[in-house]
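Asks: Okay, handing you the structure first.
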Amino acid sequence: MAGKDTPPRLGCLATMCWLLCWAPQAAGEQAKLHITDGRTVGFTTVLRDGGGYRWDLQSGLQVQRGTDYVFASGLYCHVFGSTVYSRGGQGHMNAAGDEIEIGPWMRNNITVYRRCKVYRDRPLARWLHILLNPDTTAKTVPVRIYTCINGMATIVASSASPAGGAIGPKDWAFITAGPTNPMAVLHIPCGPKSSLRPAVRTSGNSIYVDYIVTVPANGTAVLCYFASQGRSVAELKKLMRAFRPNKVLRDLPASVRKLIVNFRCRDVLEGIELERRGTGDAVELLNGDWIAGRLANLKYDLQTLHGPFELPASQVVGFVGVGQAQTVRAVLLGGQVVTGKLQQPAAVLELPTGGMLKIPFERIRQCSYQITKAKPEEMPVKYPLILLRNGDRLAFEAANLHLDFLTRHGKVELEAKDLLEIRLDREEHGLHRVRFLNGSTLAGLLLPEKIRLPLKLGRPLEVPRQMVRAIRFAAEPSEAPPLSRAVLTNDDELFGALVDEGYQLRTDFGTVPVKAANILAVAFDANDPTRVEIKLWDGTTLRGRLQRDTLKFAIRPGPTLSLHLGHIVRIRCPNALPPEHIVKLVSKYVAMLSAPSYKDRQEAQEKLLMLKAPIVPLLRKHLDDTDPEVRQRIRTILEKLGAPNPHSSTGPPPRPLFGEQCIPRFGG
């Protein structure tokens, strides 16, 4: 429970002093992407993991054969269809001797480095694929992990299906084994909570794991892959069930972990390395000594930038010193971190052998509470958090929060229930950026110069906007139905719907009305934005000039924006509808699918097939019909029309957006 005092008013000088004293050191925040110590090694280099299994690494950090010839060369990396390898035939091994890096290797202006770590404490190997994009626009990069197995590459088990078979949308790991090979291999291509999942297929003795990775402008993305060898499928199933991304990525700095695009590490501490145990509480002294026991402090009084807080011991996970006397970063339940000066002089530690120690906080590097059900190792984030530049992460009440956001489309009101996060780092275009739950991104400026929020710790927070690094409203995006997608010239993407009823288009052959509901795609001329190419629901293409300067687009859920035509690159509308008379015709035939007569049902199915692919959005609405025969017939029709299963995340890659092939930027 927090104190009731009014938060102190801090001037600019005082604020800067707090930031200088408590902000994380710049060197510690830099991404340590590369191995900088150690020595040069040639290939083949053989490493052995904690299970005694052999990893004989070649010039691309692929495995030549493994243990008992389980591989016929495995774990190649292909980028843009070409194999990544060490051009000089050498790699750089770290001082510990358990990880090797190769690179740089370049293709299509993407620079690639590859690292392989063979764990000595478990039967596991890890590959990091570091993708650097120097361009001023984001790039989509195809990456393939290709493996050949000795014998047939049969998927005998997966994370979602113990019996194996095809990889499903919920799978994040799978095991391959063959009838003639005594060894099996566990593949972990993504994390259980990852939104980036690869397409996986096998053919003969080959395994193809294909990713589409977006590398941000002037930025870096890291793709991670794990593999394990085992002498039995049961052994690898046990390892798969026990797999925790946080544990096997803990050796990487937080600044690197957050670049990994296919593993969501629930690293709520972001750079705070708090060592916790399952056997009891513990205190680490400045000299490196550890003392185990039970922390007996009932509460902790902390003087912070935001005023005094009284922290019950039941809410505290641990403390980490920041290099000043009794100044600590307190880690709390719910992913909160607050920096301040402890008012108690000492930690009270009861020893398991009897007796009690009072250890001055100025002698302590860190102290932590035991991992328990009440204080788990992976702490779920239950509430929205505001992240400050001094490292504080504070939960707040967002129920009635409304924020004004100034964009080039005008001022919009943001509601917390629609948002994933607001980033104020100004890393791109010098602007703040909002991410919505449905995946939309919007650049602009958060208007209040002072952010005021009611904290869950019991007192109001008021901080200057420049002290805020980000505001997080949810842990992950929500799954949204197929929505229209607008790509803007500043790299913003909006998911929602066109809300204008229609438009007037002046073509070479006359002016015609175009209903928004019938539009499949629009591409805009970069030099003359009123000049467009419109594709309709049935493939009809119309070229001409729109007789207006703006379009209204609603983010769903979220605000409605008035988009100037010059700010739009293209719009894609997957739910384009036919004209009203065809909509009524489809409704009529769908109703006949449940008719008493088999002949009528069959005739209705044939009539729907004759209307072809443009009616797919209408048919999908009936996949949840209460009549099982209607559902089955709709699925059959969709399959015959070549429509992908909406419940599957695998399959062929999506077709390019209209305008991306014929008009990348209309006339560009």
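Each residue of the sequence shown is one higher than the one before, counting from -11 in our numbering.
Ideal Cβ placement from N, Cα and C applies to all residues, glycine included.
The structure presented is a predicted model; accordingly, all values stated were derived computationally and were not measured.
Answer with buried or exposed for residue 105, where buried requires no fewer than 16 other C-beta atoms within 10 angstroms of its C-beta.
Replies: With 16 or more Cβ atoms within 10 Å of its Cβ, residue 105 is classed as buried.
Asks: Nearest CA to the CA of residue 389: which residue from 219, 318, 405, 397?
Replies: Here the closest residue by C-alpha is 405.
Asks: Please report the straight-line C-alpha distance between residue 425 and residue 433, rounded to a whole angstrom.
Replies: Going from the Cα of residue 425 to the Cα of residue 433 covers about 19 Å.
Asks: In angstroms, rounded to a whole number, what distance separates the CA positions of residue 27 and residue 116?
Replies: Distance between the alpha carbons of residue 27 and residue 116 is about 19 Å.
Asks: Decide if the region 280 to 291 is in contact with the region 360 to 370; the criterion is three or more beta carbon pairs, one per stretch, under 8 Å apart.
Replies: Short answer: they don't touch.
Asks: Spell out a yes or no on whether the region 541 to 561 and the region 464 to 482 are touching, meaning 3 or more CB-CB pairs, one atom from each, closer than 8 Å.
Replies: Touching, yes.
Asks: With a 10 Å radius around its C-beta and 16 neighbouring C-beta atoms as the bar for buried, classify residue 200 as buried or exposed.
Replies: Exposed: under 16 other Cβ atoms inside 10 Å.
Asks: Would a C-beta distance cut-off of 7 Å place residue 180 and residue 186 closer than the cut-off?
Replies: Their beta carbons are not under 7 Å apart, which means residue 180 does not touch residue 186 by this criterion.
Asks: With H, G and I counted as helix, E and B as strand and the rest as coil, what does DSSP make of residue 85?
Replies: Coil, per DSSP.
Asks: Hey, quick one: how far does the beta strand (DSSP E) through residue 616 stretch, first residue to last?
Replies: Segment 616 to 628 is the alpha helix (DSSP H) holding residue 616; no beta strand (DSSP E) there.
Asks: Spatial neighbours of residue 338 within its chain, please: CB distance less than 7 Å, with the 5 preceding and 5 following residues excluded, ordered by chain position.
Replies: Within the same chain, residue 338 has close Cβ partners 281, 282, 284, 344.
Asks: Here's the rule I'm using: 16 or more other beta-carbon atoms within 10 Å means buried, otherwise exposed. How should residue 520 be labelled?
Replies: It is buried - the Cβ of residue 520 has at least 16 other Cβ atoms within 10 Å.
Asks: Go to residue 169, then tell me how far its alpha helix (DSSP H) extends in each direction, as first and last residue.
Replies: First-last for residue 169: undefined, no H or E at that position.
Asks: What three-state label does DSSP hand residue 505 in the structure shown?
Replies: Helix.
Asks: Would you please state the rounded distance, in angstroms, between the beta carbons of residue 438 and residue 423? I believe it to be under 8 Å.
Replies: About 23 Å separates the two Cβ atoms, so there is no contact after all.
Asks: From this set, 559, 435, 276, which residue's C-alpha is nearest residue 472's C-alpha?
Replies: The shortest Cα separation from residue 472 among 559, 435, 276 belongs to 559.
Asks: Classify residue 399: buried if its beta carbon has 16 or more other beta carbons within 10 angstroms, exposed otherwise.
Replies: The residue is exposed, with fewer than 16 neighbouring Cβ atoms inside 10 Å.
Asks: Among 412, 449, 308, 103, which residue has its Cα nearest to the Cα of residue 435?
Replies: Ranking 412, 449, 308, 103 by Cα distance to residue 435 puts 412 first.
Asks: From residue 373 to residue 302, what distance separates their C-alpha atoms?
Replies: Answer to the nearest angstrom: the Cα atoms are 20 Å apart.
Asks: Looking at the structure shown, is residue 386 part of a helix, part of a strand, or coil, going by DSSP?
Replies: In the structure shown, residue 386 sits in coil (DSSP, three-state: anything other than H, G, I, E or B).
Asks: Applying the 10 Å Cβ sphere with the 16-neighbour rule, what's the burial state of residue 137?
Replies: Its Cβ being crowded by 16 or more others within 10 Å, residue 137 is buried.
Asks: Identify the continuous beta strand (DSSP E) that holds residue 344 and give its terminal residues.
Replies: Its beta strand (DSSP E) spans residues 344 to 348.
Asks: What did DSSP end up calling residue 121 once you bin it into helix, strand or coil?
Replies: Three-state DSSP puts residue 121 in a strand.
Asks: So, at 8 Å on beta carbons, what are the nonlocal neighbours of residue 262 in its own chain, with the 5 sequence-adjacent residues on each side left out?
Replies: Cβ within range, chain order: 305, 306, 308, 319, 354, 356.
Asks: If we ignore side chains and look at the alpha-carbon of each, how far apart do residue 10 and residue 328 end up?
Replies: Note that residue 10 has pLDDT 42, beneath the 50 cutoff, so the model's placement of it is unreliable and the number below is only indicative. The alpha-carbon atoms of residue 10 and residue 328 are separated by roughly 9 Å.
Asks: Does the beta-carbon distance from residue 548 to residue 533 come in below 7 Å?
Replies: No.
Asks: Less than 7 Å separating the beta-carbons of residue 143 and residue 156?
Replies: No, the Cβ-Cβ distance between residue 143 and residue 156 is not below 7 Å.
Asks: Compare the beta carbon distance of residue 58 and residue 102 with 7 Å and say whether it is the shorter of the two.
Replies: Not in contact: residue 58 and residue 102 (Cβ atoms no closer than 7 Å).
Asks: Can you tell me whether DSSP reads residue 233 as helix, strand or coil?
Replies: Note: residue 233 maps to helix in three-state DSSP.
Asks: Determine the direct distance from the alpha carbon of residue 277 to that of residue 298, and round the result to whole angstroms.
Replies: Taking the straight line joining both Cα atoms gives about 29 Å.
Asks: Could you pull out every residue in the same chain whose Cβ sits closer than 8 Å to the Cβ of residue 23, ignoring the five residues on either side in sequence?
Replies: Hits under 8 Å: 80, 81, 82, 87, 88, 89, 103.
Asks: Less than 7 Å between the C-beta atoms of residue 407 and residue 457, yes or no?
Replies: Not closer than 7 Å, so no.
Asks: Chain D beta carbons: is any one of them nearer than 7 Å to that of residue 118?
Replies: The displayed structure is made up of one protein chain only, and chain D is not part of it.
Asks: Which residue wins for smallest C-alpha separation from residue 269, given the options 335, 135, 50?
Replies: Out of 335, 135, 50, 335 has the C-alpha closest to the C-alpha of residue 269.
Asks: Give the straight-line distance between the Cα atoms of residue 256 and residue 139, rounded to the nearest whole angstrom.
Replies: Any reading at residue 256 is ruled out, since the residue's pLDDT is 47, under 50, leaving its predicted position unreliable.
Asks: Buried or exposed: which applies to residue 604, given that a residue is buried once 16 or more other Cβ atoms fall within 10 Å of its Cβ?
Replies: Label assigned to residue 604: buried.
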